[in-house]
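Trainee: Keeping their order, the protein sequence lines are chains A and B. Offset between the first sequence (1-based) and my numbering: plus 1. Offset between the second sequence (1-based) and my numbering: plus 1. Think of the CB as a built atom: it goes at the ideal place given N, C-alpha and C, for glycine as much as any other residue. I'd like to ask some things about the structure below.
There are 2 protein chains.
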Amino acid sequence: MIKTPYLLFLGDAPNALAAKVAQGIKDWRPEFALGQYRMDGCKADMGLKDMTLAEAKAAGAKTLVVGVANRGGVISQSWKKVLVNALEEGFDLASGLHNLLRNEPDLKAVAKATGQELHDVRVPEVDYPIANGRKRSGKRCLAVGTDCSVGKMYTAMAMERAMKARGMNATFRATGQTGILITGDGVPLDAVIADFMAGSVEYLTPDNDADHWDLIEGQGSLFNISFSGVTMALIHGGQPDALILCHEPTRAHMRGLPEYQPPSLETLRDTALPLAQIVNPACQVVGVSVNTQHMGEDEAVAYLNEVEARMGLPTVDPFRHGADRLAEALEAI
Amino acid sequence: MIKTPYLLFLGDAPNALAAKVAQGIKDWRPEFALGQYRMDGCKADMGLKDMTLAEAKAAGAKTLVVGVANRGGVISQSWKKVLVNALEEGFDLASGLHNLLRNEPDLKAVAKATGQELHDVRVPEVDYPIANGRKRSGKRCLAVGTDCSVGKMYTAMAMERAMKARGMNATFRATGQTGILITGDGVPLDAVIADFMAGSVEYLTPDNDADHWDLIEGQGSLFNISFSGVTMALIHGGQPDALILCHEPTRAHMRGLPEYQPPSLETLRDTALPLAQIVNPACQVVGVSVNTQHMGEDEAVAYLNEVEARMGLPTVDPFRHGADRLAEALEAI
Chain A
2 MIKTPYLLFL GDAPNALAAK VAQGIKDWRP EFALGQYRMD GCKADMGLKD MTLAEAKAAG
62 AKTLVVGVAN RGGVISQSWK KVLVNALEEG FDLASGLHNL LRNEPDLKAV AKATGQELHD
122 VRVPEVDYPI ANGRKRSGKR CLAVGTDCSV GKMYTAMAME RAMKARGMNA TFRATGQTGI
182 LITGDGVPLD AVIADFMAGS VEYLTPDNDA DHWDLIEGQG SLFNISFSGV TMALIHGGQP
242 DALILCHEPT RAHMRGLPEY QPPSLETLRD TALPLAQIVN PACQVVGVSV NTQHMGEDEA
302 VAYLNEVEAR MGLPTVDPFR HGADRLAEAL EAI
Chain B
2 MIKTPYLLFL GDAPNALAAK VAQGIKDWRP EFALGQYRMD GCKADMGLKD MTLAEAKAAG
62 AKTLVVGVAN RGGVISQSWK KVLVNALEEG FDLASGLHNL LRNEPDLKAV AKATGQELHD
122 VRVPEVDYPI ANGRKRSGKR CLAVGTDCSV GKMYTAMAME RAMKARGMNA TFRATGQTGI
182 LITGDGVPLD AVIADFMAGS VEYLTPDNDA DHWDLIEGQG SLFNISFSGV TMALIHGGQP
242 DALILCHEPT RAHMRGLPEY QPPSLETLRD TALPLAQIVN PACQVVGVSV NTQHMGEDEA
302 VAYLNEVEAR MGLPTVDPFR HGADRLAEAL EAI
């Protein structure tokens with residue numbers, strides 16, 4: 002578990018997109034985002050207070066989070082200087098970079114000397130159990146997609162917010178690095194050993210209050226053959242009571258797989274639901290979340306209406322119009 | 002790749018069952034099983050020539066394979082003496098034990114000093130790629146089961162033998178530790194990192210001659226929620242042209258999951274085939290393999306006939322009656 006609140010390290014981000022992890026923290030856990038640390042030439046800005054390490058420390062920040070992607074897979078010397086200073090000032094470090102903080106001898110040595118922690122959220126830090134499939138108390142919702150990167154994390158985050166606004170008892174459960182950095186906790190499912198995948202999802206979503214909903218971050222897609230095994234483990238480890246179907250309608254082919262076409266929402270529903278019912282016979286599909294970012298407003302609304310009529314399910318783009326109708330659908334269960 | 006032929010180390014096996022890895026090698030790759038090494042008190046016997054290390058070396062053995070399970074998860078000192086001597090005599094060592102050879106400081110040191118290799122087949126030794134889903138040449142058959150441990154490995158091994166006897170071009174592809182020790186090569190799929198599972202199966206079953214069949218060892222089951230993600234990755238990485246349905250009809254509940262019932266063969270067919278057709282639209286279910294070990298001969302034959310009539314597919318117990326009819330089914334494709 003990563004200690005909060007955070008100082009967000011934006012480094013020398015060449016543009017806003019490079020700082021999307023910081024943006025996610027700012028959007029979804031603003032209470033964790035105490036301030037930002039920008040180096041010379043940084044082109045990203047979260048609109049947070051620029052702080053020195055000392056200022057952030059005085060304000061109560063516990064962890065410096067690397068909220069920016071690095072270039073060329075190297076942690077540069079100019080970054081290093083800040084990261085080392087942060088350890089010396091008493092910050093933990095957290096990162097989702099491919100190259101791990103712990104593999105940098107200087108960072109490792111300073112962390113050891115100062116007693117601070119290095120969190121590489123790409124790497125599991127728990128020995129997960131093998132899934133036992135026992136029925137757990139509380140309720141669980143999982144977003145499944147026609148493909149990878151269609152908005153599953155965004156959907157679950159937006160649902161958590163909408164549910165809390167309605168006074169519902171809900172927790173987003175992160176299964177990927179960005180989600181883990183945003184919430185400070187979770188399972189880096191794509192890095193878990195095959196035999197323990199479903200068990201790691203059970204571990205992430207344990208027994209809970211009867212009215213509590215886990216909103217489990219989806220990964221991959223049953224139809225994206227590179228990662229479908231991860232999705233299968235999420236469905237069976239997650240033991241969902243409700244599925245949300247996620248779709249991006251303008252995609253020409255499956256992500257990373259030029260020879261594969263995305264399935265229809267009907268095919269996704271008819272494939273995912275029986276698989277989920279193996280572990281939870283009461284599971285139902287309760288809504289559709291469409292990522293309409295490549296459509297104009299009129300086109301998006303027409304598309305959402307068409308899908309809603311066709312599927313007979315509440316259909317929204319949570320980014321454009323909020324996730325309130327999906328929250329309502331869960332409330333009705 | 003493990004160097005062959007082998008000297009099979011039976012240690013102080015308390016019974017025949019403890020030496021089932023050795024038995025598998027003897028049954029399926031007799032040409033690799035040059036001899037056996039038994040310690041005092043060994044109760045297992047493969048019917049092979051008992052050899053000293055020097056005799057086996059002179060006969061051409063390259064690797065001492067630990068063909069026996071150890072007790073209590075410890076590699077005992079009495080075993081160690083033999084293993085160290087084997088390294089010194091110029092043997093590599095291969096093992097599927099949970100506790101790894103490489104984690105024993107003495108074995109590691111002697112292996113290094115002698116230049117011999119330690120093969121722990123539970124641990125992947127390759128950085129597998131992410132699956133790309135591109136159509137590969139040659140043909141592939143995968144055994145899928147109603148549950149774990151219903152005879153998928155045995156079925157694929159028996160099919161390889163039957164196909165070779167008919168002059169067909171076929172290769173068993175191991176995805177588990179026993180299969181890897183038997184054949185000397187393969188992917189320990191249950192130990193692969195989630196993101197690379199399907200890619201490891203593509204790596205295992207590359208482009209091949211148009212008339213060549215890979216017989217891919219199945220793992221887990223789509224219906225065994227602890228391991229279904231591994232099975233899903235096998236289906237999508239394996240790109241099968243043909244599926245064999247495997248079943249053990251007397252099981253009271255799913256293995257390790259007392260609250261779960263095995264599905265029918267029809268449900269297995271209707272679940273696995275559409276998932277396989279995502280990656281290979283031409284995939285078909287070509288036969289059924291039933292493990293009738295808990296049935297008498299008459300009961301078994303009646304059951305096989307009943308399933309064959311019901312499913313409209315060649316249905317055999319390859320252990321009782323051979324896999325010839327399954328080989329025939331592949332030949333017809």
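#1: Just mark A:Glu218 as buried or exposed, buried being the case when its beta carbon has 16 or more other beta carbons within 10 Å.
#2: Figure out for me which residue from B:Asn209, B:Gly25, B:Ala14 has the closest Cα to the Cα of B:Ser138.
#3: What separation, rounded to the nearest whole angstrom, lies between the Cα atoms of A:Ser227 and A:Val145?
#4: On a CA-only basis, which of B:Leu314, B:Ala34, B:Ala70 is nearest B:Gly185? Give me that one, please.
#5: Under 8 Å, CB to CB, which of the residues in the region 185-203 of chain A have a partner in chain B?
#6: Cβ atoms of B:Gln178 and B:Arg123: under 7 Å apart, would you say?
#7: Ignore the nearest five residues each way along the sequence and tell me which others in B:Ala277's own chain have a CB closer than 7 Å to its CB.
#8: At the level of alpha carbons, what is the spacing between B:Pro15 and B:Val188?
#9: Enumerate, from N- to C-terminal direction, the unbroken beta strand (DSSP E) stretches of 3 or more residues contained entirely within the region 244-305 of chain A.
#10: Give the DSSP-derived three-state secondary structure of B:Tyr129 in the structure shown.
#11: Starting from A:Asp93, follow the beta strand (DSSP E) in both directions and report where the run begins and ends.
#12: For B:Val124, return the contacting residues in chain A, with the cut-off set at a CB-CB distance below 9 Å.
#13: From the DSSP output, read off the bridge partner residues of A:Cys142.
#14: Of all the residues that make up the region 231-244 of chain B, which are near chain A by a beta-carbon distance shorter than 9 Å?
#15: Let me see if you follow: with CB-CB separation under 7 Å, is A:Ala301 close to chain B or not?
#16: Is A:Thr251 near the ligand NAD, judged by its Cβ being under 6 Å from some heavy atom?
#17: Which same chain residues end up closer than 8 Å to A:Met169 when comparing Cβ atoms and leaving out the 5 residues on each side of it in sequence?
#18: Which residues of the region 130-157 of chain A have a Cβ closer than 8 Å to any Cβ of chain B? Give them in chain order.
#19: Which chain A residues are close to B:Leu258, counting only those with a beta carbon under 8 Å from its beta carbon?
#20: Classify B:Thr53: buried if its beta carbon has 16 or more other beta carbons within 10 angstroms, exposed otherwise.
#21: For A:Ala55, does the count of other Cβ atoms within 10 angstroms reach 16, so buried, or fall short, so exposed?
#22: Looking at the secondary structure, which residues open and close the alpha helix (DSSP H) in which B:Asp318 lies?
#23: Is the shortest distance between the beta-carbon of A:Val1 and the beta-carbons of chain B less than 7 Å?
#24: Leaving aside the five residues before and after A:Val75 along the sequence, list all residues of the same chain whose C-beta is less than 8 Å from its C-beta, in chain order.
#25: Please classify B:Ala166: is it buried, with 16 or more other beta-carbons within 10 angstroms of its beta-carbon, or exposed?
#26: Check the Cβ of A:Phe320 against every Cβ in chain B and list those closer than 7 Å, keeping chain order.
#27: When the cut-off is 7 Å and only beta carbons count, does A:Ile226 lie next to chain B?
#28: Between the C-alpha atoms of A:Val231 and A:Pro250, what's the straight-line distance to the nearest angstrom?
#29: Strictly below 7 Å CB to CB, what residues from chain B border A:Tyr261?
#30: Does DSSP classify A:Val22 as helix, strand or coil?
#31: Have a look at the DSSP bridge pairing and note the partners of B:Arg174.
#32: Here's the rule I'm using: 16 or more other beta-carbon atoms within 10 Å means buried, otherwise exposed. How should A:Ala132 be labelled?
Mentor: Result, derived from the coordinates:
#1: Here residue 218 of chain A refers to the residue found at position 217 when the first sequence is read from its first residue. A:Glu218 comes out buried.
#2: Mapped onto the second sequence, residue 138 of chain B falls at position 137. Taking only the C-alpha atoms, the option nearest B:Ser138 is B:Asn209.
#3: Here the question's residue 227 of chain A lines up with position 226 in the first sequence. Here the question's residue 145 of chain A lines up with position 144 in the first sequence. Between A:Ser227 and A:Val145, the C-alpha separation is close to 15 Å.
#4: In the second sequence, residue 185 of chain B corresponds to position 184, counting from 1. For the set B:Leu314, B:Ala34, B:Ala70, the Cα lying nearest the Cα of B:Gly185 is the one of B:Ala34.
#5: Cβ contacts with chain B: Leu190, Asp191, Ala192, Val193, Ile194, Ala195, Asp196, Met198, Ala199, Gly200.
#6: Reading the second sequence from its first residue, position 122 is the one you call residue 123 of chain B. Reading the second sequence from its first residue, position 177 is the one you call residue 178 of chain B. Yes, these two residues count as a Cβ contact at 7 Å.
#7: As a working mapping, residue 277 of chain B is identified with position 276 in the second sequence. Cβ neighbours of B:Ala277 beyond the five flanking positions: Ile236, Pro241, Leu244, Cys284.
#8: On the second sequence, position 14 is the one that residue 15 of chain B refers to. On the second sequence, position 187 is the one that residue 188 of chain B refers to. Distance between the alpha carbons of B:Pro15 and B:Val188 is about 29 Å.
#9: 285-291
#10: As a first step, residue 129 of chain B must be located in the second sequence, where it is residue number 128. If DSSP states are grouped into helix, strand and coil, B:Tyr129 belongs with coil.
#11: For the purposes of this step, residue 93 of chain A is taken as the residue at position 92 of the first sequence. Counting along the chain, the beta strand (DSSP E) containing A:Asp93 begins and ends at 93-96.
#12: Translated into positions along the second sequence, residue 124 of chain B becomes position 123. In chain order: nothing, as chain A lies at least about 10 Å away.
#13: For the purposes of this step, residue 142 of chain A is identified with residue 141 of the first sequence, where counting begins at 1. Bridge partners of A:Cys142: A:Leu216, A:Ala243.
#14: Val231, Thr232, Met233, Ala234, Leu235, Ile236, His237, Gly238, Gln240
#15: As a working mapping, residue 301 of chain A is identified with position 300 in the first sequence. Taking Cβ atoms only, chain B never reaches closer than 7 Å to A:Ala301, which makes this a no.
#16: Ligands in the displayed structure: none, and consequently the ligand NAD is not present.
#17: Reading the first sequence from its first residue, position 168 is the one you call residue 169 of chain A. Here the set comprises Asp212, Trp214, Ala328, Leu331, Glu332.
#18: Interface annotation for the region 130-157 of chain A against chain B: Ile131, Ala132, Asn133, Gly134, Arg135, Lys136, criterion Cβ-Cβ distance under 8 Å.
#19: Position 257 of the second sequence, counted from the start, is the residue given in the question as residue 258 of chain B. Per Cβ cutoff of 8 Å: Asn133, Gly134.
#20: Residue 53 of chain B sits at position 52 when you count from the first residue of the second sequence. That one is exposed.
#21: Counting from 1 along the first sequence, the entry for residue 55 of chain A is found at position 54. Note on A:Ala55: under 16 other CB atoms within 10 angstroms of its CB, so exposed under the neighbour-count rule.
#22: Here residue 318 of chain B refers to the residue found at position 317 of the second sequence. Run containing B:Asp318: none; DSSP gives neither H nor E here.
#23: Given a span of 2 to 334 for chain A in the structure shown, any question on residue 1 of chain A remains unanswerable.
#24: Locating residue 75 of chain A in the first sequence gives position 74, where the first residue counts as 1. So the qualifying residues of the chain are Asn100.
#25: To locate residue 166 of chain B, count along the second sequence from 1; it is residue 165. By the Cβ-count criterion, B:Ala166 is exposed, with fewer than 16 other Cβ atoms from all chains shown falling within 10 Å of its own Cβ.
#26: Residue 320 of chain A sits at position 319 when you count from the first residue of the first sequence. In chain order: nothing, as chain B lies at least about 27 Å away.
#27: Mapped onto the first sequence, residue 226 of chain A falls at position 225. Chain B contact via Cβ: present.
#28: Position 230 of the first sequence, counted from the first residue, corresponds to residue 231 of chain A. Position 249 of the first sequence, counted from the first residue, corresponds to residue 250 of chain A. Their Cα atoms are separated by approximately 23 Å.
#29: By one-based count along the first sequence, residue 261 of chain A stands at place 260. Residues of chain B passing the Cβ test: Gly134.
#30: As a first step, residue 22 of chain A must be located in the first sequence, where it is residue number 21. The answer is helix: DSSP assigns A:Val22 an H, G or I state.
#31: The residue given as residue 174 of chain B occupies position 173 in the second sequence. According to DSSP, B:Arg174 bridges with B:Ile217.
#32: In the first sequence, the residue the question calls residue 132 of chain A occupies position 131. The residue in question, A:Ala132, is buried, as its Cβ has 16 or more Cβ neighbours within 10 Å.
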